[in-house]
Structures are given as structure tokens and as C-alpha cells.
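Novice: Below is a structure I'd like to ask you about.
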Amino acid sequence: MKKYLMPALIALLPASGMAAPKAEDVVRDTVLPGFVALAEASHDLATAAQGACSQDNGELKARFGEAFDAWVAVSHLRFGPTETDERAFALAFWPDSRGATPSRLGALIRDRDPVVEDPAAFGSVSIAARGFYGLEYLLYDGAIATPDTADYRCALGRAVAADIARNADAILEDWQDRYLALFETAGENDVYRSEEEALQELFKAVTAGLQFTSDTRLGRPLGTYDKPRAARAEARRSGRSLRHVVISLEATRELARALAADAPDVAAALGKAYDSALEKAAGLSDDPVFAGVSDPSGRFRVEILQQKIDELRTVVAGELGPHLGVEAGFNSLDGD
Amino acid sequence: MPTRRAFIGGLAAASAYAGRGWAKVGHPAYLAAARDGTGAYRLFGLDEDGNGLFSVDLPDRGHAAAAHPHRAQAVAFARRPGTFAIVIDCETGRTTSVLNAPAGMHFYGHGAFSADGTRLFTTENEFDTATGMIGVWDVADGYRRIGSFASGGIGPHDVRLMPDGRTLVVANGGIETHPDSGRAKLNIPFMQPNLTYVSLSGEIVEQVEPEASRHMNSIRHLAVSPDGLVAFAMQWQGDVSEAPSLVALHRRGAAFTYLDTPPDEHRKMQGYAGSIAFSGNGAQVAITSPRGGLVQVFDVATARYRRSISMADVCGVAPAQGGFTITSGTGEIGRPDGASAGVLIQHDVQWDNHLVALHA
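Protein sequences appear in the order of chains U and Z. Position 190, counted from 1, in the first sequence is what UniProt numbering calls 190; the numbers after and before it change by one each time, with no gaps. Position 170, counted from 1, in the second sequence is what UniProt numbering calls 170; the numbers after and before it change by one each time, with no gaps.
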């Protein structure tokens with residue numbers, strides 16, 4: 001019996017004998033460029049914020065959009081440099097289930113808080129008022145733009161943009177000065193004690209990114225059938241909700257593809273599942289902020305997209321995970 | 001050092017344990033939920049050595065169960081954000097009552113009975129306001145809901161009855177979730193877990209918060225010794241490489257005592273402890289990490305790390321004569337001895353998160 005089973009077992013084992021991708025190569029080719037792009041776009045945004053800063057400044061909004069795109073494209077890479085000093089939360093505090101962002105921004109504006117003049121001090125302002133989601137409020141929310149607060153909001157916008165650039169720099173420098181070396185020396189350091197562990201960190205970034213997109217980017221506006229929550233769509237004021245879903249899908253696809261570089265079957269299954277999800281997302285281009293969740297047919301289209309992403313998650317967990325030696329434990333993958 | 005008999009005796013006194021009902025189903029030592037070989041979910045009664053005494057059907061994957069102190073009844077909770085729990089007669093296998101969370105609430109997966117078995121207390125989320133609640137249910141009246149009170153924090157997960165029989169200890173994990181967003185964590189940068197002691201009528205009698213640097217360490221699971229020492233297991237929400245201690249002790253009126261682990265061993269837990277239990281004699285406490293496939297044991301008196309035990313996908317842990325009983329997602333049941341998992345028996349099931357000791 002055992003003899004008979006052997007060939008099947010070998011076929012199922014991770015392909016350790018094959019030329020598996022090296023985690024450090026994946027980081028250099030797929031991860032680091034995203035953080036370089038984020039730092040560059042954030043500096044362009046901070047520079048643009050030095051000029052005119054009213055809500056009808058198309059130049060500033062364009063730079064904002066580019067930098068926000070760059071953030072979303074790395075938003076699944078939540079380990080190491082992004083987590084130190086809560087940098088990622090300071091760049092992107094969302095979802096904001098308690099309305100902390102408008103509340104903290106409102107308090108700063110009401111008090112004309114001089115903290116905006118001191119970059120170092122601004123780094124200790126509540127993260128709810130900082131980052132891309134805070135800046136989106138300042139650039140796009142109608143209610144916040146009262147005429148008598150224009151000058152202060154301008155100064156606040158500059159402070160937020162400069163803080164974004166500082167955080168993006170800090171993440172990139174941390175990657176270059178410290179964290180890349182941990183991937184280069186995987187197996188010889190305490191964070192990644194084997195090459196496999198380093199690959200698994202990158203794998204987890206794919207699964208976490210897809211889960212966030214399904215549960216949060218789509219789940220929050222979907223709400224329930226009886227209580228849809230279109231107003232909870234991510235970055236709806238700037239019309240970016242669907243855009244974030246697409247950018248994040250594309251970014252996790254690039255990473256997943258790199259991780260499956262030596263496994264054509266896995267890569268093919270992933271490619272098919274990603275294509276299917278992205279196709280449904282493209283079909284929603286007439287509803288960029290998921291406003292349709294409130295009517296049955298519009299809702300159905302968002303639900304189908306969510307379902308396709310969940311199918312994709314199953315492929316990632318069932319095919320890419322085993323390929324990288326991630327055990328699908330009954331308890332280990334079901335934290336509570 | 002208290003003996004196991006003293007440990008059980010202390011609890012028996014506290015819980016007015018009569019045992020009549022449970023005797024009819026073979027005096028199980030433990031309850032545990034599992035997925036069986038056919039993919040169906042079942043709740044099992046086990047003896048001290050892990051042998052199956054009975055099993056009953058569950059409608060879906062369970063999280064934890066609460067055992068009635070003397071009736072052979074178990075309350076099985078669905079995984080969060082479940083809105084129902086079922087009361088199972090372990091003698092007949094029949095569902096005798098269904099607990100439905102009121103509108104706007106869901107269960108968090110754990111519950112505790114009063115010492116006399118007349119009341120059941122359940123951890124709940126009033127999700128639109130993210131208020132942690134404790135639901136109160138009248139056992140004699142078919143588990144009718146008779147009230148609720150605030151748990152003292154966000155995201156209450158585990159709840160236990162203190163040995164005084166008048167106080168509950170609640171692990172307010174601090175993490176806000178909303179069923180619309182699945183299991184997504186909505187407030188990590190602002191989360192603030194705490195340990196809350198609350199009277200059976202809902203007055204908060206003591207509350208302890210970890211210091212700011214540990215605010216992302218979600219307090220999830222509890223164990224209580226007969227003399228009122230509380231042990232709790234945590235799950236770190238920040239970067240895994242920065243995870244602080246995952247286990248601590250607390251005695252009413254005192255500060256937390258964190259139990260530190262040597263860095264190499266600590267790292268293997270991956271910032272995550274899934275279950276916690278005192279040993280049968282109360283002298284040690286163990287936490288499990290299914291992600292690390294590891295059990296870690298500490299001395300209570302000295303607060304010192306003692307040893308680690310490897311077992312793939314281990315999560316359930318409960319007191320046993322001579323130490324602990326552990327269960328895993330691969331079906332093993334063990335009685336750790338030194339660094340060995342001490343496998344007693346292998347079942348053709350996948351044991352779920354928790355092993356519930358019937359007398360504790």
C-alpha cells in the first residue's frame with residue numbers, strides 16, 4: 001500500500017528540487033519598486049501641496065491620485081517597515097468605523113491648531129487626521145470646505161502631504177537599510193529562519209491583501225441586503241473605490257505570479273482566477289464608488305465581484321500555499 | 001502544592017457540581033468540537049485519556065462549548081460572528097434549545113454558567129456601536145434571554161466564572177469587528193484591550209488595561225485557578241517580530257505579571273496564543289500556538305518559562321491529572337511529558353480551537 005502511494009505523494013510535495021523563486025529576488029523585483037514609487041509620488045504630492053491648495057486645484061488632485069495609487073499598490077505588504085512606528089496606519093487609516101477622520105480634522109481646523117507649522121510635532125497628531133484618507137477629506141469633502149477656514153485647511157493639507165512623504169521615505173529607507181538584508185540572509189537571521197519562511201511572509205501578503213479587498217473594500221459598502229452601506233465605500237469622495245480594488249488585485253497578482261514563477265500549473269490557475277476577478281471589476285466601471293449596492297441589480301454585480309475574489313482566495317490558499325510549503329492547518333489558518 | 005483532587009474539589013464546591021447528568025453519559029472529562037472524517041462537524045465527550053465517550057451532531061463549525069455544571073448539557077457556539085448557539089442534550093444528542101442573539105448583536109464564541117447552573121452568560125458584540133456585551137440567559141426557562149450588560153470594553157471574547165461564584169472575568173480583546181466586514185479588524189491602531197471583573201448583575205468591580213506599548217496585544221482567552229488566579233492568553237496585532245509576551249497572570253487588586261519566554265522560543269509562537277489552561281495541580285500554565293505548532297509551559301509560582309512541546313496544529317489545552325491534555329487539528333490528543341507531546345490517541349477528526357474541561 002505504501003509503495004503504491006509514493007508516486008502520488010511525491011507529486012504533491014512542494015517542489016523543493018525545482019528552481020524555486022528566491023525571496024530576496026521577489027522582494028527586489030516586485031516589492032521594493034513599489035515603495036520607491038510611493039516615496040517618489042509622495043514627494044511630488046508634498047511639492048504640489050506647497051502651491052495653491054483649494055479644492056479645485058486639478059494639479060494637486062492629480063498628484064494626490066498618483067500617490068494614493070502608489071500606496072494602494074503596496075497596501076498588502078503589511079509587515080516589517082510598514083508596521084514600525086505605525087507608519088502604515090499613519091499613511092492609511094481606513095476603515096474609519098467611528099468617523100475619527102472628520103472628527104480629528106474638524107478639531108484641528110476649529111482650533112486652528114498651530115501643530116501644522118511644526119513637521120516633527122505633526123507626526124504625533126492622531127493618525128486618523130493624517131495620511132491619504134485625511135487628505136482626501138481636505139481635497140474632496142464639501143462640508144469641510146467652509147470659506148473662512150481656507151487658509152488653515154491649506155496649511156493643514158501641506159502638513160498632511162509632508163507627513164505622507166516623510167512616512168513613505170521612512171518605510172523605503174527601512175526597507176533599504178534593514179529589511180531587505182533580512183530577506184538576503186533568510187535562514188541566518190531571527191526574523192526569517194529559513195528561505196521558506198521568507199517566501200511565506202510574501203505569500204501571506206497576497207492572502208491578506210485579497211482578504212482586505214473582499215471583506216473590507218467590498219464588504220463594507222455591501223453591508224447587508226436590508227442595510228446596504230454605499231456611504232462606507234473606500235475613498236468614495238474622490239471616486240476611487242473601484243480603482244483601489246483593481247490596483248490591489250493587480251499588485252497582489254504581480255506578487256503571486258512571482259511566487260509561482262517556477263510552477264506553471266499554479267501560475268496558470270492563478271492567472272485564470274485573477275483574470276476572472278479583474279473582468280468582473282472592469283464590468284463595474286460605470287459604478288466606480290459602488291453606489292449600486294442599494295439596488296438589487298447593482299448590488300448583484302458587486303457581490304459577483306466579491307465572489308470572484310473569494311474564489312481567487314481559494315485558489316491562492318489551495319494551490320500557491322501548498323507550493324510554498326504553507327500548511328493549511330485546521331486551526332492555524334483559523335485564528336480566533 | 002494543591003493536588004488535582006484539591007483542584008477539582010475546589011471547583012466542585014464552587015460550582016455545586018452534582019454530576020448526575022454527566023454520569024449518564026460516562027462522566028466525560030472534556031468536551032471538544034471537531035470536523036470528522038466525513039467533513040461533518042460534531043461535539044465529542046472525551047474521558048481523561050482522550051477516548052471518545054459520545055458525540056453529537058453540530059450544524060456548523062463550532063468555536064467553543066460551555067458545559068452545564070450538572071446537567072448533561074453543552075452550549076455550542078458558532079464561530080464569530082455567529083448569531084446563534086445551540087444547547088445539546090449530550091445523552092440524546094438532541095438540540096433542546098437554540099439561543100438567538102438579539103437583533104444588532106452577535107456572539108463572540110464563549111460563554112460561562114453560574115455556579116448553580118441557573119444562568120448562562122455569553123460574550124456578544126452590539127456591532128453598530130461596537131459595544132461589548134454579556135448576555136444573560138435563564139437556563140430553567142429553556143435558555144430564555146433575560147437581560148444583558150456591558151462587558152467593559154470592545155470585543156469581549158472569553159468569559160469565566162470566578163471561584164467566588166459572584167464575579168465573571170471577561171477578556172475584552174479590544175478589536176472592533178462588524179459582520180458586514182467579515183472578520184476584518186476595524187480599529188487596530190486605536191484598540192485597547194482589558195481584563196474586566198464584573199458582578200453577575202453587571203457592575204464592573206475591577207478593570208485592568210495593559211500599558212500603551214502593549215495596546216495591540218489582544219486579550220483573548222482565560223483560565224482561572226480555584227484560588228482566583230487568572231491566566232490570560234493574547235494575540236499580537238502588530239508586526240510579528242515585535243510581539244511582546246503572549247501570556248500573563250492576574251490576581252484581583254494587583255498588576256499583570258507577564259510570563260516571558262526566551263527569544264528563540266517566543267518567536268516560534270508567531271505572536272499568537274490560541275488557548276490557555278492551568279495544569280491539573282494548578283502549578284503550571286500552558287498556552288498553545290497552532291501557527292507555531294507549539295505548546296509553552298510556565299511555572300505559576302516563579303512566573304518562569306519551563307519548556308516547549310511541538311505538536312502540529314495544536315490548539316486545545318485543558319487541565320489533566322499529571323499536567324495538561326492537548327488536542328490538534330490533525331486529530332491527536334496528548335498528555336505532554338517533558339518536551340514530548342505524549343500522544344495518547346489519534347482520532348480520525350480535526351479537533352477545533354478549544355478543549356473544554358468539564359469540571360473547570
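Backbone N, C-alpha and C define an ideal beta-carbon position, used for all residues, glycine too.
What are the residues in the stretch 265-291 of chain Z lying within 7 Å of chain U by C-beta distance?
Specialist: 267, 272, 274, 290, 291
Novice: Distance, Cα to Cα, residue 304 of chain U vs residue 275 of chain U?
Specialist: Position 304 of the first sequence holds residue 304 of chain U. Position 275 of the first sequence holds residue 275 of chain U. Answer to the nearest angstrom: the Cα atoms are 14 Å apart.
Novice: Could you tell me the boundaries of the alpha helix (DSSP H) in which residue 284 of chain Z lies?
Specialist: If you number the second sequence from 1, residue 284 of chain Z lands on position 284. No alpha helix (DSSP H) contains residue 284 of chain Z, which is instead part of the beta strand (DSSP E) from 284-289.
Novice: Counting only beta-carbon separations shorter than 8 Å, does residue 122 of chain U have a partner in chain Z?
Specialist: As a first step, residue 122 of chain U is located in the first sequence; it is residue number 122 there, counting from the start. No, because no Cβ of chain Z sits closer than 8 Å to the Cβ of residue 122 of chain U.
Novice: Where does residue 124 of chain Z fall in DSSP's three states?
Specialist: What you label residue 124 of chain Z is simply residue 124 of the second sequence in a count that begins at 1. Residue 124 of chain Z: strand per DSSP, three-state reduction.
Novice: If we ignore side chains and look at the alpha-carbon of each, how far apart do residue 157 of chain Z and residue 266 of chain Z end up?
Specialist: Counted from its first residue, the second sequence places residue 157 of chain Z at position 157. Counted from its first residue, the second sequence places residue 266 of chain Z at position 266. Between residue 157 of chain Z and residue 266 of chain Z, the C-alpha separation is close to 23 Å.
Novice: Please confirm whether residue 125 of chain Z has its beta-carbon closer than 8 Å to some beta-carbon of chain B.
Specialist: The structure shown contains no chain B; its protein chains are U and Z.
Novice: What would DSSP say about residue 90 of chain Z, mapped onto helix, strand or coil?
Specialist: Here residue 90 of chain Z refers to the residue found at position 90 of the second sequence. Residue 90 of chain Z falls in the coil class under three-state DSSP.
Novice: According to DSSP, residue 95 of chain U sits in a beta bridge with which residue or residues?
Specialist: As a working note, residue 95 of chain U is residue 95 in the first sequence. DSSP lists no partner for residue 95 of chain U.
Novice: Name, in chain order, the residues that DSSP records as bridge partners for residue 306 of chain U.
Specialist: Position 306 of the first sequence, counting from 1, holds the residue named residue 306 of chain U. Answer is none; residue 306 of chain U lacks a bridge partner.
Novice: Start and end of the alpha helix (DSSP H) containing residue 212 of chain U?
Specialist: Here residue 212 of chain U corresponds to residue number 212 of the first sequence, with the count starting at 1. 195-212 is the extent of the alpha helix (DSSP H) around residue 212 of chain U.
Novice: Chain Z partners of residue 80 of chain U, CB-CB under 7 Å?
Specialist: Position 80 of the first sequence, counting from 1, holds the residue named residue 80 of chain U. Simply 239.
Novice: One question on the structure: do residue 65 of chain Z and residue 76 of chain Z come within less than 8 Å of each other, judged by their Cβ atoms?
Specialist: Taking the second sequence and counting its residues from 1, the one referred to as residue 65 of chain Z is at position 65. Taking the second sequence and counting its residues from 1, the one referred to as residue 76 of chain Z is at position 76. Cβ atoms of residue 65 of chain Z and residue 76 of chain Z: closer than 8 Å.
Novice: Buried or exposed: residue 141 of chain Z, going by 16 or more other Cβ atoms within 10 Å of its Cβ?
Specialist: For the purposes of this step, residue 141 of chain Z is taken as residue 141 along the second sequence, with counting starting at 1. Residue 141 of chain Z should be labelled exposed.
Novice: Are the CB atoms of residue 300 of chain Z and residue 321 of chain Z nearer to each other than 8 Å?
Specialist: Stepping through the second sequence from its first residue, residue 300 of chain Z is reached at position 300. Stepping through the second sequence from its first residue, residue 321 of chain Z is reached at position 321. Contact: no.
Novice: What are the complete beta strand (DSSP E) segments, minimum 3 residues, inside the stretch 240-297 of chain Z?
Specialist: 247-250, 275-278, 284-289
Novice: For residue 98 of chain Z, count the other beta carbons within 10 Å of its own beta carbon; 16 or more makes it buried, fewer makes it exposed. Which is it?
Specialist: Residue mapping note: residue 98 of chain Z aligns to position 98 of the second sequence, counting from 1. So residue 98 of chain Z counts as exposed.
Novice: What residues are listed by DSSP as bridge partners for residue 75 of chain Z?
Specialist: If you number the second sequence from 1, residue 75 of chain Z lands on position 75. Z:66, Z:87.
Novice: I'd like to know whether the C-beta atoms of residue 323 of chain Z and residue 351 of chain Z end up nearer to each other than 8 Å.
Specialist: The residue labelled residue 323 of chain Z in the question sits at position 323 within the second sequence. The residue labelled residue 351 of chain Z in the question sits at position 351 within the second sequence. No, these two residues do not count as a Cβ contact at 8 Å.
Novice: Pull up the distance between the alpha-carbon of residue 210 of chain U and that of residue 309 of chain U, whole angstroms please.
Specialist: Here the question's residue 210 of chain U lines up with position 210 in the first sequence. Here the question's residue 309 of chain U lines up with position 309 in the first sequence. When rounded, the distance between both Cα atoms is 7 Å.
Novice: Counting only Cβ pairs nearer than 8 Å, list the residues of chain Z close to residue 219 of chain U.
Specialist: The count along the first sequence starts at 1 and reaches residue 219 of chain U at position 219. Those within 8 Å of residue 219 of chain U in chain Z are 180, 181, 182, 184.
Novice: In chain U, which residues lie with their C-beta within 9 Å of the C-beta of residue 382 of chain Z?
Specialist: Past the edges of chain Z, shown from 1 to 360, lies residue 382 of chain Z, and the structure says nothing about it.
Novice: Output, in chain order, the set of chain U residues within a Cβ distance shorter than 8 Å of residue 35 of chain Z.
Specialist: Counted from its first residue, the second sequence places residue 35 of chain Z at position 35. The answer, in chain order, is 330.
Novice: Would a C-beta distance cut-off of 8 Å place residue 41 of chain U and residue 67 of chain U closer than the cut-off?
Specialist: Locating residue 41 of chain U in the first sequence gives position 41, where the first residue counts as 1. Locating residue 67 of chain U in the first sequence gives position 67, where the first residue counts as 1. Yes, the pair counts as a contact, with Cβ atoms nearer than the cut-off.
Novice: Would you list the one or two residues that DSSP bridges to residue 57 of chain Z?
Specialist: In the second sequence, residue 57 of chain Z corresponds to position 57, counting from 1. DSSP output for residue 57 of chain Z lists Z:42 as bridge partner(s).
Novice: Near residue 7 of chain U, what residues of its chain come up, given a Cβ to Cβ distance below 8 Å and the 5 sequence neighbours on each side ignored?
Specialist: Position 7 of the first sequence, counting from 1, holds the residue named residue 7 of chain U. Interpretation of residue 7 of chain U is limited by its pLDDT of 38, a score under 50 that renders its predicted location unreliable; no figure is taken from the coordinates.
Novice: Just the C-alpha distance for residue 263 of chain U and residue 255 of chain U, rounded to the nearest angstrom, thanks.
Specialist: Counted from its first residue, the first sequence places residue 263 of chain U at position 263. Counted from its first residue, the first sequence places residue 255 of chain U at position 255. Rounded to whole angstroms, residue 263 of chain U and residue 255 of chain U show a C-alpha spacing of 14 Å.
Novice: Check distances from the C-beta atoms of the stretch 37-64 of chain Z to those of chain U and list, in chain order, the residues that come in under 8 Å.
Specialist: 63
Novice: At least one CB of chain U closer than 8 Å to the CB of residue 262 of chain Z: is that the case?
Specialist: In the second sequence, counting from the first residue as 1, residue 262 of chain Z sits at position 262. Residue 262 of chain Z does not count as touching chain U.
Novice: Measure the C-alpha to C-alpha separation of residue 196 of chain Z and residue 172 of chain Z and round it to an integer number of angstroms.
Specialist: Your numbering for residue 196 of chain Z matches position 196 in the second sequence. Your numbering for residue 172 of chain Z matches position 172 in the second sequence. Their backbone Cα atoms lie some 7 Å apart in a straight line.
Novice: Can you tell which of Z:296, Z:178, Z:40, Z:217 has the C-alpha that lies nearest to the C-alpha of residue 128 of chain Z?
Specialist: Here residue 128 of chain Z is taken as the residue at index 128 of the second sequence, counted from 1. For residue 128 of chain Z, the nearest C-alpha among the options comes from Z:178.
Novice: Give a yes or no on whether the minimum CB-CB distance between residue 103 of chain U and chain Z is below 8 Å.
Specialist: Looking up residue 103 of chain U in the first sequence gives position 103. Residue-level contact by beta carbon fails for residue 103 of chain U and chain Z, as no gap is shorter than 8 Å.
Novice: Just grab the DSSP bridge partners of residue 196 of chain Z for me.
Specialist: Position 196 of the second sequence, counting from 1, holds the residue named residue 196 of chain Z. BP columns for residue 196 of chain Z point to Z:170, Z:207.
Novice: What residues from the stretch 156-168 of chain Z come within 7 Å of chain U, judged by C-beta to C-beta, listed N to C?
Specialist: none
Novice: Please return the same chain residues whose Cβ sits closer than 6 Å to the Cβ of residue 233 of chain U, not counting the five positions on each side in sequence.
Specialist: Locating residue 233 of chain U in the first sequence gives position 233, where the first residue counts as 1. For residue 233 of chain U, where only same-chain residues beyond five positions count, the Cβ hits under 6 Å are 221, 241, 289, 290.
Novice: Examine the Cβ distances between the stretch 321-336 of chain U and the stretch 195-204 of chain U and report whether three or more of them are shorter than 8 Å.
Specialist: yes
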